[in-house]
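For any residue, its number in my numbering is found by taking its place in the sequence shown, counting from 1, and adding 24.
Here a beta-carbon is modelled for each residue, glycine too, at the ideal position from N, C-alpha and C.
Below: one structure, written as structure tokens.
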Amino acid sequence: MSLMESISGVRGIVGSSLTPEVVVRYAQAFAEFCDKGPIVVGRDGRITGKILTNILVSTLLAKGCDVRAIGICPTPTVALETEHSDAAGGVIVTASHNPMEWNGLKFLNTDGIFLDAEENNVLRNHFTDNPVYAPWDSIGTHSSRPDAINKHIEAALGLKYIEVESIRKRKFKVVLDCVNASGGVIVPKLLERLGCEVIPIHCDVSGVFAHTPEPLPENLTELAGTVKNESADMGIAVDPDGDRLVLIDENGKPIGEEYSIATIVSFVLSHTEPSDLNRPVVVNLSTTRAVEDIAGRYGTPVIRTPVGEINVAKRMRRERALIGGEGSGGIIHPEVHYGRDAIVGIVILLQYLLEFGKPLSELRASLPDYSIKKDKIQIGNSDPDALLESIAETGDGSGTVTTDDGIRIDYPDYWVHFRKSNTEPIIRIIAEAPTAEEASTIVDRYKTAIIKVMNNTE
Ligand code: MG
């Protein structure tokens, strides 16, 4: 697998595509991007994270940047520390939900927000074969930021509707799966602060992932089983860098990653002053329609953006959104920070359950019911843009077509979204319908149609 360089940073397999040279190339460019200002650095706990972080930090220091090191922590912890300090930028050494052999770098600007397309271009324009380093007496200084974890917890608990003492009294019993990565340094602490009885599985921060790390139901069977066996109130899973949150109900049933954002939207809108309900909710084009249905109950508009955290975050800031995120378990609360944050999601969820007074399965049942199917089609050498164009023509013309990010077609009772990948010869296909069977049928139907177009044009 070659190096994946995209709007969300760089990722590769350590030792083959992601080499020390790649880290130095990006680090020296990022030091220039930050005009040699102070830089916050954290890592997600992977076993390769320490050496890559050492290379990153040494390069930044050699360039003359001061480094504020947090150590192992979630991506949103680095983002908050970057925003609320004098830092000129931040870097997280992480490959997010990718398996163990992967690692990478994510870059934040001085506001603690991911670089957008324009900023990424500026960063890459600083790539050079002849880097200039600081003189021996002007190298940067290195200091630790051990309080960043606590500050992150306090920021989430500081949301206006959170009643810490009441949550403590409820004594939720929670099974927690942090896949032995960065969630382990913060989520147990947060849950204990909230008086929960925590049953940790895979929270040792060894970086040895106990299962495929993406928080999808097929990877969370042990968590689901433990919730049931322990008669817990819920199961919580976070991805290795703590920006995606997925929940398991008290019966051991995954409520689906799409329902993390749907649940939080429901809570936030129900606690919003009527005069503010005209401010929008912002989600990406692949996120569940449950968000529109819930927002509709309050007359709140929903804005959809291209997929990608930075697209959602920037639009949220511009529109003064009430809440936003991505269907893959990413929750963005503007009053904490414009970035996906599982910690914020957990805090709001516990408050919601406290107020709701009934189990998580019933909370989920109170929300609109949809089933989403995510799949992909291998397209080989076919032109993805031509295929996407052909898709728009396959319908009967009654659907509403959106072309902001691939093609999304909305029908009264279902929608389907196609996106090409910039790194692999595939087209992603996502369909949502009232039942899982219907969603599968829709995906299969479109896959057959696309394969037919591919065969005809070969
Ligand atoms: Mg992640």
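1) Using the three-state DSSP reduction, which class does residue 119 fall into: helix, strand or coil?
2) State the beta-bridge partners of residue 405 as determined by DSSP.
3) Quick one: using the 10 Å Cβ neighbour count with 16 as the cut-off for buried, is residue 456 buried or exposed?
4) Can you name, in chain order, every residue of its own chain whose Cβ lies under 6 angstroms from the Cβ of residue 168, other than the five neighbours on each side?
5) Applying the criterion that 16 or more other CB atoms from any shown protein chain within 10 Å of the CB defines a buried residue, is residue 463 buried or exposed?
6) Can you list the beta strand (DSSP E) stretches of 3 or more residues lying completely in the region 275-359, in chain order?
7) Report, in whole angstroms, the separation of the C-beta atoms of residue 84 and residue 51, which I expect to be a contact under 8 angstroms.
8) If I'm right that residue 227 touches residue 208 with Cβ under 8 angstroms, what's the distance once you round it to whole angstroms?
9) Taking all protein chains shown into account, decide if residue 160 is buried (16 or more other Cβ within 10 angstroms of its Cβ) or exposed.
10) What is the DSSP secondary structure of residue 112, counted as helix, strand or coil?
11) Opposite residue 442 in the DSSP bridges: which residues?
12) Considering only their Cβ atoms, is the gap separating residue 79 from residue 7 smaller than 8 angstroms?
13) Can you check which of these residues, 37, 360, 197, is closest to residue 186 by C-alpha distance?
14) Going by the beta-carbon positions, is the gap between residue 95 and residue 113 smaller than 8 angstroms?
15) For residue 166, which of helix, strand or coil comes out of DSSP?
16) Sort 236, 248, 478 by Cα distance to residue 279 and report the nearest one.
17) Could you please go through the chain and list the residues whose beta-carbon is closer than 6 angstroms to any non-hydrogen atom of ligand 1?
18) Can the beta-carbon of residue 205 be found less than 8 angstroms from the beta-carbon of residue 70?
19) Between the C-alpha atoms of residue 340 and residue 308, what's the straight-line distance to the nearest angstrom?
20) Of the choices 336, 351, 38, 233, whose alpha-carbon is the least far from that of residue 32?
21) Could you tell me which whole alpha helix (DSSP H) segments of length 4 or greater appear in the region 166-204?
22) Among 442, 436, 237, which residue has its Cα nearest to the Cα of residue 430?
23) Just to confirm the assignment, what range does the alpha helix (DSSP H) spanning residue 55 have?
24) Report the three-state DSSP secondary structure of residue 130 (helix, strand or coil).
Quick look at the numbers:
1) In this structure, residue 119 counts as coil in the three-state DSSP scheme.
2) BP columns for residue 405 are empty, so no partner.
3) Buried, because 16 or more other Cβ atoms sit within 10 Å of the Cβ of residue 456.
4) 93
5) Label assigned to residue 463: buried.
6) Correct list: 305-308, 326-329, 347-350, 354-356.
7) Your pair residue 84 and residue 51 checks out as a contact, with CB atoms roughly 6 angstroms apart and the cut at 8 angstroms.
8) Right, the Cβ-Cβ distance comes to about 4 angstroms (below 8 angstroms), so this counts as a contact.
9) exposed
10) coil
11) 431, 453
12) In this structure the chain extends from 25 to 482, so residue 7 is not present and cannot be described.
13) 360
14) no
15) strand
16) 248
17) 120, 121, 263, 265, 267, 268
18) Contact annotation: residue 205 and residue 70 have beta-carbon atoms nearer than 8 angstroms.
19) Each residue's Cα considered, the two are about 11 angstroms apart.
20) 336
21) As far as the region 166-204 is concerned, its whole alpha helix (DSSP H) runs of at least 4 residues are 172-181, 188-194.
22) 442
23) 44-57
24) strand
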